[in-house]
Amino acid sequence: SHLVLVEPGEIFASPDLDLQDGDLRILTTLCELINRELLVTIGWAKHVPGFSVLSLVDQMALLQSAWMEILVLGIVYRSLPMNDELAVAENFLLGREQCRSSGLLNLHSVLLQLVRKYRKTKVDKEEFVTLKAMALANSDSSSIENMESVLHLQDRLHEALQDYEREQHSEDPHRSGKLLMTLPLLRQTANEAVRTFCQIRLEGRIPMHKLFLEMLDAK
Amino acid sequence: QEKHRILHKLLQNGN
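If you read the sequences in order, they're chains A and B. In this note's numbering, each residue carries its 1-based index in the first sequence increased by 894. In this note's numbering, each residue carries its 1-based index in the second sequence increased by 2.
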C-alpha cells in the first residue's frame, strides 16, 4: 500500500515538432523522456521502504544496475491494455512500424513479449509496484558494500509480496512464484534496451542528456 | 564517485 502511494504519476512525452524526420523525432522524444523518467525514478527509489537507510554507495549501486528494469516495467505496465503498441508515455504510443523504421524493432518485440507475459498473469497495480521495488533491490550489482542490508531489503519486499498474494490472490498459492519467475525476462529485456541505447549513443545522431549518459556508462 | 556525479548529487540532496 505504501508503494502504491508513492508510485509516480503519469508521464508525458514532449515531442519536438519542428523535427521533420519522423524517426529522429521518435528517438529524440524517447531519449528526452527516459532522462525525465530517470529523475522521477531516483526520487521514487528514496521512498521505497528500506532504501534510504542503505549507504549512499549502495543506493547508487542498486540504481545503476536496476534503472532500466524499472523503466521497462513502467512501459510494460502502461502497455497492458494496448493492442501490440508500447505506451512509452501517456501520449506516446509506439507501434511496430514506427519501431521498425527507427531501428527499435527488436526492442519492440522483446518488450511485447514481456507485456504478453504480464497480461496473461493479469498482474495488478500492487504487484507491479512491488515487482518494481524488487527489481531495484535484486539488481545483482557487483559493487554493493553492505550485502546484509540489501538482502534484508529483498526479504522485506518478498514478505510484502507473499502477504499480498495470500490475502488478495488466495486462489493461486503459486502466484508469487509466477511473478518472481518473470524477473529473468525483465532483466533480459532491460539489457536489450541498454544495448539499443548504447548503439544510439554511438551513432551520435540523437541528443542525450547527461544523466542518461551517466547511467548508461554505469551499465 | 566522480564519474557518477549527477546520481550522487540527486541522491544526496533531499526531496
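All residues carry an ideal CB built from backbone N, CA and C; glycine is no exception.
Endpoints, the beta strand (DSSP E) within which residue i is located
| i | result |
| --- | --- |
| A:Ala981 | Leu980 to Ala983 |
| A:Leu965 | Note, A:Leu965: premise wrong, no beta strand (DSSP E); alpha helix (DSSP H) at Leu950 to Ser973. |
| A:Thr988 | Rather than Thr, the amino acid found at residue 988 of chain A in this sequence is Leu. Counting along the chain, the beta strand (DSSP E) containing A:Leu988 begins and ends at Phe986 to Leu988. |
Beta-carbon spacing of residue i, residue j below 9 Å
| i | j | result |
| --- | --- | --- |
| A:Ala907 | A:Phe986 | yes |
| A:Glu1108 | B:Leu9 | yes |
| A:Leu1055 | A:Leu967 | no |
| A:Leu1005 | A:Ile920 | no |
| A:Ala939 | A:Leu1025 | no |
| A:Leu1047 | A:Gly944 | yes |
| A:Val1088 | A:Lys1113 | yes |
| A:Arg1099 | A:Leu927 | no |
| A:Ser1033 | A:Leu957 | yes |
| A:Thr923 | A:Pro902 | no |
| A:Thr1015 | A:Thr1076 | yes |
| A:His1052 | A:Ser1064 | no |
| A:Leu998 | A:Phe1106 | no |
| A:Leu965 | A:Met1028 | no |
| A:Met1102 | A:Cys993 | no |
| A:Met976 | A:Asn1085 | no |
Neighbourhood of residue i by C-beta distance below 7 Å, restricted to the same chain and skipping five residues each side
| i | result |
| --- | --- |
| A:Val1009 | Val970, Ser973 and Leu974 |
| A:Ser946 | Lys940 |
| A:Glu904 | Glu984 |
| A:Ser996 | Asp917, Ile920 and Leu921 |
| A:Lys847 | Any property of residue 847 of chain A remains undetermined from this structure, which presents chain A solely from 895 to 1113. |
| B:Asn15 | none |
Close beta carbons around residue i, own chain, < 8 Å, minus the five adjacent residues each side
| i | result |
| --- | --- |
| A:Asn1040 | Leu948, Ser949 and Asp952 |
| A:Ser895 | Glu1020 |
| A:Val898 | Lys1019, Glu1020 and Val1023 |
| A:Gln1007 | Leu1079 and Thr1083 |
| A:Arg930 | Ile905 |
Alpha helix (DSSP H) segment containing residue i, residue limits
| i | result |
| --- | --- |
| A:Gln914 | Segment: none, A:Gln914 is in no alpha helix (DSSP H) and carries neither H nor E. |
| A:Glu1020 | Lys1019 to Ala1031 |
| A:Lys940 | Unbroken run through A:Lys940: none, as it is neither H nor E. |
| A:Glu1108 | Lys1104 to Ala1112 |
| A:Arg1099 | Looking at the DSSP string, A:Arg1099 is not in any alpha helix (DSSP H), and its letter there is neither H nor E. |
| A:Asp1049 | Met1041 to Gln1062 |
| A:Ser1003 | Leu999 to Thr1015 |
| B:Ile8 | Arg7 to Gln14 |
| A:Val898 | His896 to Leu899 |
| A:Ser1070 | Arg1069 to Leu1074 |
Close Cβ partners of residue i (< 6 Å) along its chain, the five nearest in sequence each way excluded
| i | result |
| --- | --- |
| A:Ser959 | Ser1033 and Ser1035 |
| A:Thr1090 | Leu1001 |
| A:Val1044 | Ile1038 |
| B:Asn17 | Caution applies to B:Asn17, whose pLDDT of 48 falls short of 50 and renders its modelled position unreliable; the model cannot decide the point. |
| A:Tyr1058 | Glu1020 |
| A:Ala955 | Ser1035, Ser1037 and Ile1038 |
- prompt: Using 8 Å as the threshold, is the segment 910 to 918 of chain A in touch with the segment 970 to 989 of chain A, meaning 3 or more CB pairs across them?
  reply: no
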